[in-house]
Amino acid sequence: MTDSELVAGIAAGDLDALEVLVGDYHQPVLRYLWQAGGSKEDAEDLACQTLLKVRSDIAGFRGQGTLRSWIYRVAYRELLQHRRRQALVRWIPFVGHETSTQDSDDALVLTEALMTIPIALRTAFLLTEVEGLSTQEASAALGIPEGTVKSRCHHARMRLRKLLAPTFGERNAETTID
Amino acid sequence: MQKLPSTEELFVQSLREVKMPNAPEDLIRRLQKTEPRTRNAEPAALYALAFLVFFGLVVSSFLLRPSLSYADVVRHFQEQRHYTVTNTRIMSDGTRTKGYTIYRSGKLWRFGTTYGLEDRTVKVRSHPPLMNYVLIDKRRDPPPVGFRPDQILWKGAKPTVDHNQSWHGRKVDIFHIKGTYIDRQEWTLTEELIVDPKTKLPIQDTTMRDSGQWGDMWSYDFHDPSPSIFEVSIPKDAHVYDLRLQRKQIENALKTHPTGALFVGDEGEVVVIAPTSSAPKLKYGATLDWDFVGKLRGGSGGILHSSYDANLDLKTIVIDGKLYVTAWMMRGLSADFLNGKKQLPPTASAVLELGDKRYFMKNAFIIRTGSPQELLLSWTY
């Protein structure tokens, strides 16, 4: 199904198109929102909101870029709105932010490590390196020039290398667990 | 096994391979129920009309009434570097109690007994006999104050303004904002911001939550506070801790003892720092509930009470690019170690019991450091 066929199907509420939308985009968008935002629970809500927004605002897609970059742009906006709301929640005393204990250890460690990279760098890095968007698509998704995408990816990689570089002895030396 | 991939490529690959849950079963149905918004067939005409209306509004706003907006107030406030902000708490029964005061004079700031000086931050915590110490750390930015520039972005927040109102014998503009915030459920929040239209600066801001049940009021003064406000007085007999040095001490200790360390503070508090590879499945970044009780007890060294329940506060931090989990034992060491009757050994084993699981940390390095809890609370990488 081409982008234009999918867009027409989404606009018409065609079941096949909606299934393609969910099948092709739910998990990538969820992964992006989780790794960019740091919370799996929030990302699950935001991923659904993103697809619902895609359906309601599909008329706003004018075909000037790829549908994929437009969907990531919607996801990015949802994430930013969510962070603004969270800024208020954090300000209100005694309201904590909970994360799940059910996620795999590896996923948690990766996400925790990603959170040490500023969100502006993180989102550019995730879109290009993990989600496989071209620089042009990431530029459209984030609403920034292509040069800025490249620059942010470079700085994200520098941060990541610093994080991954062994600084002493044997990395992650283990202790006995009984 | 919890470890970071060793290379950038493996890290990216791992990110791609993180398993994602399936979409909720009802998502397709919800998508079908969602109605797409339609676009006008002749958008150019619509845009032209909208532009004319907007242009008319802009012109009329300049000609017919003062143009002060909430955004103007935000911008003018953000430009200020000299002010005193006094907080008053409004309780659910209507009583008002004095809260904190924030002072700022250029780069200098003060929040209660925490001082932001040119090159360092100083916290004075002197309430003898309960506590009497001073913490010195690297310089930090001043804390945010009550008037929140991002309130305009709150969900549903639409500021309205009443211009030229009488308030305590002066003419003011009063902004009203109604918004909501989510804490498990949606709550209401109202704000009344009183502004001097001449200076475009806030005079008083009152934010009430939960249908007006409780809230805060902030009063603003934009005169330069007296220099004496920022003079730090070290209380007599207070213990002074330099967190900058302690941070270095912890980093060095973990370099030489990568399997983890037990840090013991002057008050007998104990903090365990262990690499995430040896830590149990924890709630990353979250504070455990109070009913989550663990035990931290002595192994071969026997330095901790053998059956001493403690509430553990578990967090993760990054030190020198490596992830660690910290477990804070709230109740700490027995008095024998504090008064010198028993000596701390150089290393000890520890058992961390969480629920029905036990985690054994072997030969953890023991180091005495001034105030490890405060240090780890303020840890930044």
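Protein sequences, first through last, are from chains A and B. Everything in the first sequence is counted per the numbering used here, starting at 1 for the first residue and increasing by one. Everything in the second sequence is counted per the numbering used here, starting at 179 for the first residue and increasing by one. Glycine included, C-beta positions come from ideal geometry on N, C-alpha and C.
Straight-line gap, residue i to residue j (C-alpha atoms, nearest Å)
i: residue 276(B); j: residue 394(B); result: 10 Å
i: residue 186(B); j: residue 114(A); result: 12 Å
i: residue 47(A); j: residue 116(A); result: 23 Å
i: residue 141(A); j: residue 501(B); result: 31 Å
i: residue 410(B); j: residue 285(B); result: 15 Å
i: residue 188(B); j: residue 196(B); result: 12 Å
i: residue 38(A); j: residue 128(A); result: 18 Å
i: residue 295(B); j: residue 302(B); result: 13 Å
i: residue 77(A); j: residue 70(A); result: 11 Å
i: residue 316(B); j: residue 425(B); result: 11 Å
i: residue 12(A); j: residue 207(B); result: 14 Å
i: residue 162(A); j: residue 434(B); result: 20 Å
i: residue 344(B); j: residue 384(B); result: 17 Å
i: residue 80(A); j: residue 397(B); result: 31 Å
i: residue 339(B); j: residue 254(B); result: 17 Å
i: residue 17(A); j: residue 31(A); result: 21 Å
i: residue 60(A); j: residue 4(A); result: 13 Å
i: residue 2(A); j: residue 357(B); result: 42 Å
i: residue 14(A); j: residue 271(B); result: 56 Å
i: residue 440(B); j: residue 420(B); result: 19 Å
i: residue 191(B); j: residue 73(A); result: 23 Å
i: residue 449(B); j: residue 504(B); result: 7 Å
i: residue 251(B); j: residue 83(A); result: 23 Å
i: residue 210(B); j: residue 451(B); result: 51 Å
i: residue 33(A); j: residue 390(B); result: 35 Å
i: residue 164(A); j: residue 26(A); result: 30 Å
i: residue 55(A); j: residue 67(A); result: 12 Å
i: residue 139(A); j: residue 319(B); result: 32 Å
i: residue 9(A); j: residue 373(B); result: 52 Å
Cβ pair residue i, residue j closer than 9 Å
i: residue 321(B); j: residue 289(B); result: yes
i: residue 369(B); j: residue 381(B); result: no
i: residue 259(B); j: residue 282(B); result: yes
i: residue 407(B); j: residue 497(B); result: no
i: residue 246(B); j: residue 378(B); result: yes
i: residue 7(A); j: residue 63(A); result: yes
i: residue 57(A); j: residue 267(B); result: no
i: residue 351(B); j: residue 375(B); result: yes
i: residue 202(B); j: residue 146(A); result: no
i: residue 153(A); j: residue 121(A); result: yes
i: residue 386(B); j: residue 371(B); result: no
i: residue 342(B); j: residue 417(B); result: no
i: residue 292(B); j: residue 279(B); result: no
i: residue 205(B); j: residue 22(A); result: yes
i: residue 20(A); j: residue 50(A); result: no
i: residue 388(B); j: residue 365(B); result: yes
i: residue 125(A); j: residue 75(A); result: no
i: residue 422(B); j: residue 495(B); result: no
i: residue 193(B); j: residue 130(A); result: yes
i: residue 135(A); j: residue 36(A); result: no
i: residue 300(B); j: residue 413(B); result: no
Endpoints, the beta strand (DSSP E) within which residue i is located
i: residue 202(B); result: Note, residue 202(B): premise wrong, no beta strand (DSSP E); not H, not E.
i: residue 382(B); result: 379-387
i: residue 280(B); result: 274-283
i: residue 22(A); result: Not the beta strand (DSSP E): residue 22(A) falls in the alpha helix (DSSP H), residues 15-37.
i: residue 154(A); result: Element bounds for residue 154(A): not the beta strand (DSSP E) but the alpha helix (DSSP H), 146-164.
i: residue 439(B); result: 439-442
i: residue 344(B); result: 338-345
i: residue 399(B); result: 392-399
i: residue 289(B); result: 286-289
i: residue 117(A); result: Looking at the DSSP string, residue 117(A) is not in any beta strand (DSSP E), and its letter there is neither H nor E.
i: residue 267(B); result: 260-268
Extent of the continuous alpha helix (DSSP H) to which residue i belongs
i: residue 59(A); result: Careful: residue 59(A) lies outside any alpha helix (DSSP H) and carries neither H nor E.
i: residue 428(B); result: 421-434
i: residue 3(A); result: 3-12
i: residue 128(A); result: Here residue 128(A) belongs to no alpha helix (DSSP H), and DSSP marks it neither H nor E.
i: residue 299(B); result: It is not in any alpha helix (DSSP H) - residue 299(B) instead sits in the beta strand (DSSP E) that spans 298-305.
i: residue 251(B); result: 248-256
i: residue 135(A); result: 135-142
i: residue 190(B); result: 186-195
Checklist entry - Quick one, which residues of the segment 410-444 of chain B are near chain A if we go by CB-CB under 7 Å, in chain order? => result 433, 436, 437 and 438
Item to check | Selection of the segment 382-403 of chain B by Cβ proximity to chain A, strictly under 9 Å | outcome: 387
Item to check | Contacting positions in the segment 136-163 of chain A - beta carbon closer than 7 Å to chain B | outcome: 157, 160, 161, 162 and 163
Item to check | Contact residues within the segment 67-84 of chain A, judged by C-beta distance below 7 Å to chain B | outcome: 84
Item to check | Proximal residues, the segment 1-16 of chain A versus chain B, C-beta separation under 8 Å | outcome: 10, 11, 13 and 15
Checklist entry - Just by C-beta distance, which residues in the segment 253-287 of chain B are closer than 8 Å to chain A? => result none
Checklist entry - Relative to chain B, which residues along the segment 53-65 of chain A have a C-beta separation below 8 Å, given in chain order? => result 55, 56, 57, 58, 59 and 60
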